[in-house]
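Chemist: Take this structure first; my questions come after.
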Amino acid sequence: MASYSTNEFKSGLKILMDGDPCVIVENEFVKPGKGQAFNRVKIRNLKTGRVLDKTFKSGESVEAADVIDTEMQYLYADDEFWHFMVPDSFEQYAAGETAVAEAMKWLKEQDMCVVTLWNNVPLSVAPPNFVELKITQCDPGIRGDTATGGTKPATLETGAVVKVPLFVNEGDVIRVDTRTGEYVSRA
Amino acid sequence: MSWRPGAPPALLHRRARLLSDLRAFFARHGVLEVETPYLSAAGTTDPQVGSLSLDLPGGRRFLHTSPEFPMKRLLAAGVGDCYQMARVFRADEAGRHHNPEFTLLEWYRVGLDHHRLMDEVEALVRAVDHEGRAGETRRLTYAQALADHAGVDAHGDDAPALARRARDLGLAVEGELDRDAWLDLLLSTVVCPAFPPGALTFLYDYPASQAALARIRPGDPPVAERFELYWGPLELANGFHELGDAAEQRRRFAAERTVRARRGLADVPMDTHLLQALEAGLPDCAGVALGVDRLLMALSGEDDIRRVLAFDAGRA
């Protein structure tokens, strides 16, 4: 099993802590001039998202987590799993609900996503930063409203609800920033 | 833009002024500037300090981690009060407050003990602090600082007691620590961060197990006549009432080499020239090493050493 020594610590490094895959968010080296050196790190548990503080005696090593980010195409969902495919190899992966989590409401068939694999099993799914989705339900805008007016809720084909300007109508395809959940423009 | 310096021009100018102020301070006090080799056949046996080495045709040479040993040879040879500003090198030390090579100001005063040298360190810092950033001066024993800020008995608590206290303070630690390592952890992460910002805090009388090259004063408990200076939470200097006993020094070197072997660290030969010099007789003296880059950080209100170096290790 690969491992990292504390002097290889840097943000972004994936390590195994108490059996869970984690990523180093921050690494600070502390050492009294005449004493023991330590690495104080903030790590995020990639399964739970929780961030915790750990102090490593410098020189210790820690097991590497076999975590890789892979670009995959979202295929379809069934009752249990969301299915993804690596375009080059046609390899398919099934991600469960905890892995898909928040990404669920942005996934449209054939969109490209980043699937994080841990020991070759999907750990998390990041949707594209921008998605184009059709509005399946929203109230008509009131006559006389201008493009700079207020907003109204619109339900998209994936089930997500976003605030859209009043001039946008049911059946329109809109562009949404998945990181903020905000309307960007009409597609 | 990686060819560009990490320090803005104003800080390069501030550095130049600091270097010239420091030299002027010692000129005023009649302390001689000396230079000693950066490359030596012997290095430090301290298991907490990693040396870099070069394999030359004449054999392995260690890049000095401080100019302490050759300066003590000069003192034993009768040179008297002396100082040196040198680039020193330490393996595996890099971060916001560490660069693997940095400028160390080291000086020795014959006939002074660590208390009188603390007076001079304070005078020096105030002499170069044109901005008036330094606050009050505080002097407290190591034991008092650890008791006040971490609630431990630095001389009495054993490793498991210190570990429990660290856990209670919310420190989750990976790795086996001995008693001194627990004390180092509490000092670095709990005690120093609690020092008042801008205050010059001197800690003195360290546990005998952390004597390094300081004399140990017998008593209950015995303490090392060692001090450190912090500017706010930032460690600036480490000083000793210097150990002059050659036999004791040889024992400490041997003990450190044993620890190095046990931890699987590279073997470093002990400096026999230093031992011979101590046998010939080191005058009673105190000495201190001060990190010039850190002093510059404090003087200019910076919190990252990379801001005060023209080119830090990542840009070198």
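In order, the protein sequences belong to chains A and B.
Just so you know, we're using numbering that gives the first Met the number 0 here: the first sequence kicks off at 0 and counts up by one.
Just so you know, we're using numbering that gives the first Met the number 0 here: the second sequence kicks off at 0 and counts up by one.
The beta carbon of each residue, even a glycine, is placed where N, CA and C say it ideally should be.
Quick check on the DSSP output: the alpha helix (DSSP H) that includes His272 (chain B) runs from which residue to which?
Modeler: Here the alpha helix (DSSP H) through His272 (chain B) covers Thr271 to Ala279.
Chemist: Which word fits Gln109 (chain A), buried or exposed, when buried means at least 16 other C-beta atoms lie within 10 angstroms of its C-beta?
Modeler: Answer is exposed; the Cβ neighbour count stays below 16.
Chemist: I'd like to confirm the pairing. Which residues does DSSP put opposite Met16 (chain A) in its beta bridges?
Modeler: DSSP lists A:Asp19 as partners of Met16 (chain A).
Chemist: Taking only beta carbons into account, state which residues of the stretch 23-38 of chain A come closer than 9 Å to chain B, listed in chain order.
Modeler: Within the stretch 23-38 of chain A, the qualifying residues are Asn26, Glu27, Phe28, Val29, Lys30, Pro31, Gly32, Lys33, Gly34, Gln35, Ala36, Phe37 and Asn38.
Chemist: Residues bridged to His82 (chain A) by DSSP?
Modeler: Per DSSP, A:Tyr75 and A:Ala93.
Chemist: Looking at chain A, which residues of the stretch 184-195 of chain B have a Cβ within less than 7 Å of any of its Cβ atoms?
Modeler: Taking 7 Å as the Cβ-Cβ cut-off against chain A, the residues of the stretch 184-195 of chain B that qualify are Leu184, Leu186, Ser187 and Thr188.
Chemist: Gly11 (chain A) and Val22 (chain A) look like a contact to me (Cβ under 8 Å); what is the Cβ gap, rounded to whole Å?
Modeler: That belief holds up - the Cβ atoms of Gly11 (chain A) and Val22 (chain A) are roughly 7 Å apart, short of 8 Å.
Chemist: Strictly below 9 Å CB to CB, what residues from chain A border Gly313 (chain B)?
Modeler: Chain A residues near Gly313 (chain B): none, gap ~11 Å exceeds 9 Å.
Chemist: Closest to Arg60 (chain B) by C-alpha separation, out of B:Glu67, B:Ser50 and B:Pro69, would be which residue?
Modeler: It is B:Ser50 whose Cα lies nearest to the Cα of Arg60 (chain B).
Chemist: Under 8 Å between C-beta atoms, does Gly94 (chain B) make it to chain A?
Modeler: Closer than 8 Å: yes.
Chemist: Specify, as a first and last residue, the run of the alpha helix (DSSP H) that Gln136 (chain A) falls within.
Modeler: Careful: Gln136 (chain A) lies outside any alpha helix (DSSP H), inside the beta strand (DSSP E) at Phe129 to Gln136.
Chemist: In this structure, does DSSP put Asp152 (chain B) in helix, strand or coil?
Modeler: The answer is coil: DSSP assigns Asp152 (chain B) none of H, G, I, E or B.
Chemist: Between the stretch 216-242 of chain B and chain A, which residues of the former have a C-beta closer than 9 Å to a C-beta of the latter?
Modeler: Residues passing the 9 Å Cβ filter: Arg225, Glu227, Glu234, Ala236 and Asn237.
Chemist: Taking the alpha carbon of Gln248 (chain B) as the reference point, which residue from B:Thr271, B:Gly263, B:Asp266 and B:Ala260 has its own alpha carbon closest?
Modeler: When only C-alpha atoms are compared, the closest one is B:Thr271.
Chemist: Residues of chain B with a CB under 7 Å from the CB of Phe55 (chain A): which are they?
Modeler: Going along chain B in sequence order, the residues near Phe55 (chain A) (Cβ under 7 Å) are Glu173 and Gly174.
Chemist: Does any residue of chain B bring its CB to less than 8 Å from the CB of Glu62 (chain A)?
Modeler: Not an interface residue.
Chemist: Can you name the residues of chain A whose CB is closer than 9 Å to the CB of Ala180 (chain B)?
Modeler: By Cβ distance, chain A contributes Gly34, Gln35, Phe37 and Lys56.
Chemist: Distance, Cα to Cα, Arg216 (chain B) vs Val222 (chain B)?
Modeler: Each residue's Cα considered, the two are about 5 Å apart.
Chemist: Taking the Cβ atom as the reference point for each residue, do Glu27 (chain A) and Gly94 (chain B) lie within a distance shorter than 8 Å?
Modeler: Against a cut-off of 8 Å, the Cβ pair of Gly94 (chain B) and Glu27 (chain A) comes out as a contact.
Chemist: Which of the three DSSP states is assigned to Met0 (chain A) in this structure?
Modeler: Of the three classes helix, strand and coil, the one that applies to Met0 (chain A) here is coil, per DSSP.
Chemist: Give, in chain order, every unbroken run of the beta strand (DSSP E) that is at least 3 residues long and sits entirely within the stretch 149-224 of chain B.
Modeler: Fully enclosed beta strand (DSSP E) runs of 3 or longer: 199-206.
Chemist: Would you list the one or two residues that DSSP bridges to Pro164 (chain A)?
Modeler: Bridge partners of Pro164 (chain A): A:Thr150.
Chemist: List, from N- to C-terminal side, the beta strand (DSSP E) runs of 3 residues or more that fit wholly inside the stretch 76-114 of chain B.
Modeler: Correct list: 81-88 and 100-109.
Chemist: Look up Thr177 (chain A) in the DSSP assignment and say whether it is helix, strand or coil.
Modeler: Coil at Thr177 (chain A), not helix or strand.
Chemist: Does the Cβ-Cβ distance between Ala245 (chain B) and Arg115 (chain B) come in under 8 Å?
Modeler: Contact flag unset, no.
Chemist: Can you name, in chain order, every residue of its own chain whose Cβ lies under 6 Å from the Cβ of Asp147 (chain B), other than the five neighbours on each side?
Modeler: Taken in chain order, the list of residues that qualify is empty.
Chemist: Can you pull the chain B residues whose beta carbon is under 7 Å from the beta carbon of Asn6 (chain A), in chain order?
Modeler: Chain B residues near Asn6 (chain A): Asp91.
Chemist: Starting from the beta carbon of Asp52 (chain A), find every residue of chain B whose beta carbon is closer than 9 Å, and list them in chain order.
Modeler: The contacting residues are Gly169, Leu170 and Ala171.
Chemist: Please tell me whether His113 (chain B) has its Cβ less than 8 Å away from any Cβ of chain A.
Modeler: Answer no: the Cβ-Cβ gap between His113 (chain B) and chain A never drops below 8 Å.
Chemist: According to DSSP, simplified to helix, strand and coil, what is Glu70 (chain A)?
Modeler: Reduced to three states, the DSSP call for Glu70 (chain A) is strand.
Chemist: State the Cα-Cα distance for the pair Leu5 (chain B) and Asp292 (chain B), rounded to the nearest angstrom.
Modeler: With the sequence shown as reference, residue 5 (chain B) is identified as Gly, and Leu is not the correct amino acid for it. The alpha-carbon atoms of Gly5 (chain B) and Asp292 (chain B) are separated by roughly 13 Å.
Chemist: Kindly say whether His97 (chain B), judged by its beta-carbon, lies nearer than 8 Å to any beta-carbon of chain A.
Modeler: It does; some Cβ of chain A falls within 8 Å.
Chemist: Which class does Asn38 (chain A) belong to by DSSP, given the choice of helix, strand or coil?
Modeler: Strand, per DSSP.
Chemist: When you measure from the CB of Val222 (chain B) to every non-hydrogen atom of the ligand MG, does any distance come out below 7 Å?
Modeler: As for the ligand MG, it is missing from this structure, which has no ligand bound.
Chemist: If you follow the beta strand (DSSP E) that Thr140 (chain B) is in, where does it begin and where does it stop?
Modeler: First-last of the beta strand (DSSP E) with Thr140 (chain B): Thr136 to Thr140.
Chemist: Starting from Asn44 (chain A), follow its DSSP beta bridges and name the residues at the other end.
Modeler: Paired residue(s): A:Cys21.
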